[in-house]
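For the sequence shown, position 186 (counting from the first letter as 1) is numbered 181 according to the working numbering, and the numbering increases by one without interruption. Glycine residues also receive a C-beta, built at the ideal position from the N, C-alpha and C atoms. Because the structure is a prediction, the values reported are computed rather than measured. This report refers to the structure that appears directly beneath it.
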Amino acid sequence: DLAQIKKLIVKVLSPYSSATLIDPGYGYPIAAKHLPPEVGLLLAVEETGYLASGAGEKERKTRLLEGWSVEKVKRAGADGVKLLLYYRHDGSPEVVEHQQEIARRVGEECAKYDIPYVLELVAYPFKEDEDKDSPVYAKRKPKLVFDYVAEFAKPEYKVDILKVEFPADLKYCKEYADGAFDGVKREPVYNLSEVEDFCREVTRLSKVPWVILSAGVGIEEFLEEVEIASRCGASGFLCGRALWKYCVDYYPDLDAVEQWLETGGAENFRKLYAASEAATPFWDTEAFKGFPNVALRGAGPGWYKDYPGFGS
-4 DLAQIKKLIV KVLSPYSSAT LIDPGYGYPI AAKHLPPEVG LLLAVEETGY
46 LASGAGEKER KTRLLEGWSV EKVKRAGADG VKLLLYYRHD GSPEVVEHQQ
96 EIARRVGEEC AKYDIPYVLE LVAYPFKEDE DKDSPVYAKR KPKLVFDYVA
146 EFAKPEYKVD ILKVEFPADL KYCKEYADGA FDGVKREPVY NLSEVEDFCR
196 EVTRLSKVPW VILSAGVGIE EFLEEVEIAS RCGASGFLCG RALWKYCVDY
246 YPDLDAVEQW LETGGAENFR KLYAASEAAT PFWDTEAFKG FPNVALRGAG
296 PGWYKDYPGF GS
């Protein structure tokens, strides 16, 4: 069932994308057959879910997928590696160190096999006074995002692109708190000007291009997030559920699923591209500081002599 849905998503929506992110299990065999040649392929290296850890087992440890590796991602012909990392800077030292070590290890492997590294970072509530949909967590969210961006933008992790959460909850933003997205009114904890400043702070802290993930929000909310983030320094979006989740309402009628993807899914893509029109090209980020600075390392007639092989 899952494979059938993924096949249709890849087949119908991938032509609209610059790259498609997929898992190696169900996803790669489908992508190998249906992904258009001009569309990039990103493969994940982590297990689905997480290992409950820390005090009260409320913290999360990422696990790498057994039997899979960056080397195999490269050999499979992918254009990039994605690692999902749950992270709270204020978590238990043992959990924090575990997460940092996994991110560092994958970064070293990506550098060794010369393949781009996309690090997806997600904070989560684990303290007694926290609930994901609450003013307390909404108020803390900007700093949680700042802290993980500041940490994993460090050169030691060798990250090429940071995939991060929108650094606020728009449902608690004054301009949207009257139930703009779900009909539920909430007490605002910040305004739009402050939210824009949060996005600019992510840009300041990140030394590499950053894109936002959808974190399961609806398409209307995500469109607002993409538009705000793009005009404040983000380099685009990398999303899944916000784009296609309504197609599952038509399952098991696969013809209806495909029809929704061809209409509703495609329209969502067009809206997202319009919302991201002001996004910063990767070459204009702090990592490159302009297109003239994008060049092959050691460029010159003899560059290939010093270019290391995988066994180096």
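Nearest CA to the CA of residue i: which residue from the options?
{"i": "TYR112", "options": "LEU80, GLU191, THR198, GLU160", "result": "LEU80"}
{"i": "GLY75", "options": "VAL101, GLU52, ALA282", "result": "VAL101"}
{"i": "LYS2", "options": "ASP250, GLU96, GLU216, GLU125", "result": "ASP250"}
{"i": "ALA237", "options": "SER230, ARG292, ALA210", "result": "ALA210"}
{"i": "LYS180", "options": "SER188, LEU116, GLU170", "result": "GLU170"}
{"i": "VAL34", "options": "TRP239, LYS122, ALA14", "result": "ALA14"}
{"i": "ASP192", "options": "GLY62, CYS227, TYR167", "result": "CYS227"}
{"i": "VAL131", "options": "TRP298, GLU104, TYR185, ASP142", "result": "TYR185"}
{"i": "VAL91", "options": "ALA26, PHE147, TYR241, GLY293", "result": "PHE147"}
{"i": "ILE223", "options": "ALA270, LEU(-3), CYS234", "result": "ALA270"}
{"i": "GLU41", "options": "LYS53, GLY62, GLY49", "result": "GLY62"}
{"i": "GLU103", "options": "LEU16, ARG265, TYR152, TRP278", "result": "TYR152"}
{"i": "SER201", "options": "TYR45, VAL159, TYR246, LEU233", "result": "VAL159"}
{"i": "PHE121", "options": "HIS84, VAL221, ASP244", "result": "HIS84"}
{"i": "GLN(-1)", "options": "ASP248, GLY72, VAL289, TRP278", "result": "ASP248"}
{"i": "LEU38", "options": "ALA71, TYR119, ASP109", "result": "ALA71"}
{"i": "LEU165", "options": "VAL252, PRO183, PRO88", "result": "PRO183"}
{"i": "ARG265", "options": "SER188, PHE176, LEU218, GLU281", "result": "LEU218"}
{"i": "LYS28", "options": "THR43, SER9, GLY44", "result": "SER9"}
{"i": "SER87", "options": "ASP109, CYS105, LYS107, GLU52", "result": "GLU52"}
{"i": "VAL212", "options": "GLY235, LYS67, HIS93, VAL289", "result": "GLY235"}
Does the beta-carbon distance from residue i to residue j come in below 9 angstroms?
{"i": "LEU114", "j": "LYS138", "result": "no"}
{"i": "ILE214", "j": "ASN263", "result": "yes"}
{"i": "PRO162", "j": "LYS136", "result": "yes"}
{"i": "ALA282", "j": "PRO204", "result": "yes"}
{"i": "GLU253", "j": "VAL7", "result": "yes"}
{"i": "LEU36", "j": "ALA73", "result": "yes"}
{"i": "LYS69", "j": "ILE97", "result": "no"}
Output the boundary residues of the beta strand (DSSP E) element that contains residue i.
{"i": "TRP63", "result": "Segment: none, TRP63 is in no beta strand (DSSP E) and carries neither H nor E."}
{"i": "VAL101", "result": "Element bounds for VAL101: not the beta strand (DSSP E) but the alpha helix (DSSP H), 88 to 107."}
{"i": "VAL206", "result": "205 to 207"}
{"i": "LYS56", "result": "54 to 56"}
{"i": "LEU46", "result": "46 to 48"}
{"i": "LEU38", "result": "35 to 39"}
Identify every residue that forms a DSSP beta bridge with residue i.
{"i": "CYS168", "result": "TYR185"}
{"i": "TYR112", "result": "VAL76"}
{"i": "LEU233", "result": "Beta-bridge pairing links LEU233 to no other residue."}
{"i": "ILE25", "result": "Answer by DSSP bridge pairing: none, since ILE25 is not bridged."}
{"i": "GLU281", "result": "According to DSSP, which records beta bridges pairwise, GLU281 is partnered with nothing at all."}
{"i": "TYR245", "result": "Paired residue(s): none; TYR245 is not in a bridge."}
{"i": "VAL308", "result": "One cannot answer for residue 308 here, as it falls past the ends of the chain, which runs -4 to 307."}
{"i": "VAL190", "result": "According to DSSP, VAL190 bridges with nothing at all."}
{"i": "VAL117", "result": "TYR81"}
Check for me: the alpha helix (DSSP H) holding residue i runs from which residue to which?
{"i": "VAL159", "result": "From DSSP, VAL159 is part of no alpha helix (DSSP H) but of the beta strand (DSSP E) over 156 to 159."}
{"i": "LEU267", "result": "261 to 270"}
{"i": "ALA224", "result": "214 to 226"}
{"i": "LEU16", "result": "Segment 14 to 17 is the beta strand (DSSP E) holding LEU16; no alpha helix (DSSP H) there."}
{"i": "TYR132", "result": "130 to 147"}
{"i": "TYR299", "result": "298 to 301"}
{"i": "ALA290", "result": "Careful: ALA290 lies outside any alpha helix (DSSP H) and carries neither H nor E."}
{"i": "LEU3", "result": "-3 to 8"}
Shorter than 8 angstroms, the distance from the beta carbon of residue i to the closest heavy atom of the ligand GTP, or not?
{"i": "GLN95", "result": "Of ligands this structure carries none, so the ligand GTP is not represented either."}
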